[in-house]
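Novice:
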Amino acid sequence: MGVEGKLEQNKPLAPFTTFGIGGPARWFAEAGSEAEIVAATGWAQERGVPLFVLGGGSNLLVADRGFDGLVLKVGMRGIAATTARDGSGQVIYEAGAGADWDGFVERTVQDGCAGVECLAGIPGTVGGTPVQNVGAYGQEVSSAISAVRAFDLPGRSFVAFIADECGFAYRRSRFNSVDRGRFIVTQVDFRLTPGGAPTAGYPDLQREIAQSGLDGREPTLVEVAAVVRKVRQSKGMLLVEGGPDCRSAGSFFKNPVVDADTVRRIAEGSGKEPPTYPAGADGAGKVKVPAAWLIEQAGFTKGFALGAAGISSRHTLALINRGGATASDILALAARISEAVEARFGIELEREPVLLGF
Ligand SMILES: Cc1cc2nc3c(=O)[nH]c(=O)nc-3n(C[C@H](O)[C@H](O)[C@H](O)COP(=O)(O)OP(=O)(O)OC[C@H]3O[C@@H](n4cnc5c(N)ncnc54)[C@H](O)[C@@H]3O)c2cc1C
C-alpha cells in the first residue's frame, strides 16, 4: 500500500497523549518500518507539509486547534538482544523506537541485565527516551545507550550516533536542542550488564526497600524495578487507568540548575535553606534545586486547581487535566506558577513537555 492509503485525515490527537488534550492532526500515519518512514516523510516534504514525530505522547501538550501538518507515529517495536562482541560480556539490546519503554525495562530486568532498572514506570516509547535523556531515581538513559539510529530528514538518509555524539545532558540531547526536528529516531541500542547490581541508592528507593521485607538481603533488579514503580505510583507518576492524577505529562518544569549565589538568594527569599542535589555533568560548581520546592514556597500546594487544570494531588511538579481541560487552561496555570516563582526568587522555570501546534 502506498503512503496515501495509510494517511488519515483530521485525526483527534488527544487520545494519543497522556494529558488527553489537543485538537486534530490534519494528516496522521503510523510507520511500522523504516521504509514507511522514508515514504511518509517524502510525501510530506514534497508537499511542504509540516511534520511532527509522535512517540507515546507522554511529554507533549497539543494545542486545542490541533496541528496543521502530518503527525507520524513511530511504530517499530521489535527488540533483539545479543552478547557484545568486544569480550566485555555485556548485552546489547537493539530496540525499535516505537517499543513501549516500560515493557522494554521489564524485559531487561527479567533477563537479569542492569542499567535501566530505575527508569521503570516512565511512560512513552523507547525512541522518546534519548530525546530528553530521561532520568529518574539516580539513573539517566544516556548512561545505558550505546547508539541511536535515526533518519536525517534534510539528508534523507539513515545515520547512527554513538552516545558521545548525542549531546546528552540533564533532560537534553541534540535531538531536543541544536537538531530539534531534524532526526527521526528509529532504533536505540543499549549496553547492559548481565548479573550487574541494581542502582538503588536514591533515598526514596532505600526507604521503600527497607520496608519491603527483604530481610536485609540485596534486592534483585526485578524487585528494584517494582519498588521504583511503587514509589512512582505513590507520587502519581505512574500511569494507572482512571487515576485522578494521571492525565499529565509528568514533571511540567525542569529542576533549575543554579550557582551558590542563587542558592543564597533563594534562602534569603524564603527564610529557609532550599534542598539541593548535585547538578552532574551539566554544571561544575552548580546544584539542582527542586522546582517542586520552589513552587510550594511560591504559595502553591498539591491539589491546587485553576478551572479544569490543576496541580497533581500527589506531586507539585505535575500539572494535570482535571477533566475537560484545554491546552490553554494548562498553559494559564503554568504561567501563573512561573510568574509566582519568578516574582519570589527571580528564577525562570523552564518547561519540560514539548508544545505542538501553538
Ligand atoms: C506520569 C509521567 C511520568 C513521567 N516521568 C518521567 C521521568 O521520571 N523522567 C523523565 O525524564 N520523563 C518522564 N516523563 C516524561 C515522558 O514520559 C518522557 O519524556 C518520555 O520519554 C517521552 O516519550 P514519548 O515516546 O511519549 O514521546 P512523545 O511525548 O511522543 O514526544 C516527546 C518529544 O520527543 C519527540 N520524539 C518522540 N519519539 C521520537 C522519535 N522516535 N524520533 C524523534 N523524536 C521523537 C517528539 O517529536 C517530541 O518532540 C513522564 C511522563 C508522565 C506522563
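Numbering follows my numbering, in which position 235 of the sequence shown is assigned residue number 235; successive positions increment by one, without gaps.
Don't be surprised by glycine CBs; every beta carbon is placed ideally from N, CA and C.
#1: Report buried or exposed for residue 28, applying the criterion of at least 16 other Cβ atoms within 10 angstroms of its Cβ.
#2: How long is the line joining the alpha carbons of residue 255 and residue 332, rounded to whole angstroms?
#3: Closer than 7 Å to a non-hydrogen atom of ligand 1 - does that hold for the CB of residue 231?
#4: On the criterion of 16 or more Cβ atoms from any shown chain inside 10 Å, does residue 212 qualify as buried, or is it exposed?
#5: Any heavy atom of ligand 1 closer than 7 Å to the beta-carbon of residue 59?
#6: Please confirm whether any heavy atom of ligand 1 lies closer than 7 Å to the CB of residue 309.
#7: Apart from the five residues on each side of it in sequence, which residues of its chain come closer than 6 Å, Cβ to Cβ, to residue 348?
#8: Consult DSSP for residue 178 and reduce its assignment to one of helix, strand or coil.
#9: At which residue ranges does the region 19-89 contain complete beta strand (DSSP E) runs of 3 or more residues, listed in the order of the chain?
#10: Check residue 228 in the structure and name its three-state DSSP category.
#11: Got a sec, what are the start and stop residues for the beta strand (DSSP E) residue 186 sits in?
#12: Could you pull the start and end residues of the alpha helix (DSSP H) that residue 4 belongs to?
#13: Whole-angstrom Cβ separation of residue 71 and residue 14, contact assumed at under 8 Å?
#14: State yes or no: is the C-beta of residue 257 within less than 8 Å of the C-beta of residue 170?
#15: Below 7 Å, is the gap between the Cβ of residue 239 and the nearest heavy atom of ligand 1?
#16: So if DSSP puts residue 113 in a beta bridge, which residue, or which two residues, is it bridged to?
#17: Looking at the strands, I want to know which residues DSSP matches up with residue 162.
#18: For the beta strand (DSSP E) containing residue 94, list its first residue and its last residue.
#19: Assuming contact is defined by CB atoms lying nearer than 8 Å, are residue 58 and residue 124 in contact in what I supplied?
#20: Quick check on DSSP: helix, strand or coil for residue 259?
#21: Is any non-hydrogen atom of ligand 1 found closer than 7 Å to the C-beta of residue 54, if you look at the structure I gave you?
Specialist: Per the coordinate set shown:
#1: What you label residue 28 is simply residue 28 of the sequence shown in a count that begins at 1. With 16 or more other Cβ atoms within 10 Å, it is buried.
#2: The residue given as residue 255 occupies position 255 in the sequence shown. The residue given as residue 332 occupies position 332 in the sequence shown. C-alpha separation (whole angstroms): 20 Å.
#3: Taking the first residue of the sequence shown as position 1, residue 231 is located at position 231. No, Cβ of residue 231 sits at least 7 Å from all heavy atoms of ligand 1.
#4: As a position in the sequence shown, residue 212 is number 212, starting the count at 1. It is exposed - the Cβ of residue 212 has fewer than 16 other Cβ atoms within 10 Å.
#5: Taking the sequence shown and counting its residues from 1, the one referred to as residue 59 is at position 59. The closest heavy atom of ligand 1 lies less than 7 Å from the beta carbon of residue 59.
#6: Residue 309 sits at position 309 when you count from the first residue of the sequence shown. No.
#7: The count along the sequence shown starts at 1 and reaches residue 348 at position 348. Same-chain partners within the cutoff: 342.
#8: Sequence index remark: in the sequence shown, residue 178 carries index 178 (1-based). Looking at residue 178 - three-state DSSP - the assignment turns out to be coil, as it is neither helix nor strand.
#9: If we require 3 residues or more, the beta strand (DSSP E) runs fully inside the region 19-89 come out as 24-31, 51-54, 60-62, 67-74 and 79-83.
#10: In the sequence shown, the residue the question calls residue 228 occupies position 228. Looking at residue 228 - three-state DSSP - the assignment turns out to be helix.
#11: Along the sequence shown, one-based indexing puts residue 186 at 186. Element bounds for residue 186: 183-194.
#12: For this step, residue 4 is matched to residue 4 along the sequence shown. For residue 4, the enclosing alpha helix (DSSP H) stretches over residues 3-6.
#13: In the sequence shown, residue 71 corresponds to position 71, counting from 1. In the sequence shown, residue 14 corresponds to position 14, counting from 1. With 8 Å as the limit, residue 71 and residue 14 do not qualify as a contact, their Cβ atoms being about 12 Å apart.
#14: The count along the sequence shown starts at 1 and reaches residue 257 at position 257. The count along the sequence shown starts at 1 and reaches residue 170 at position 170. Yes; because the gap between Cβ atoms is below 8 Å, this pair is in contact.
#15: On the sequence shown, position 239 is the one that residue 239 refers to. Yes; taking the cut-off as 7 Å, the Cβ of residue 239 has a heavy atom of ligand 1 nearer than that.
#16: Sequence index remark: in the sequence shown, residue 113 carries index 113 (1-based). Residue pairing from DSSP places residue 113 in a beta bridge opposite 194.
#17: Numbered from 1 along the sequence shown, position 162 holds the residue referred to as residue 162. Its beta-bridge partners are 147.
#18: Counted from its first residue, the sequence shown places residue 94 at position 94. Per DSSP, residue 94 belongs to the beta strand (DSSP E) from 91-96.
#19: Position 58 of the sequence shown, counted from the start, is the residue given in the question as residue 58. Position 124 of the sequence shown, counted from the start, is the residue given in the question as residue 124. Going by C-beta atoms, residue 58 is nearer than 8 Å to residue 124.
#20: Within the sequence shown, residue 259 is the residue found at index 259, counting from 1. Coil.
#21: Translated into the one-based positions of the sequence shown, residue 54 becomes position 54. For ligand 1, at least one heavy atom lies less than 7 Å from the Cβ of residue 54.
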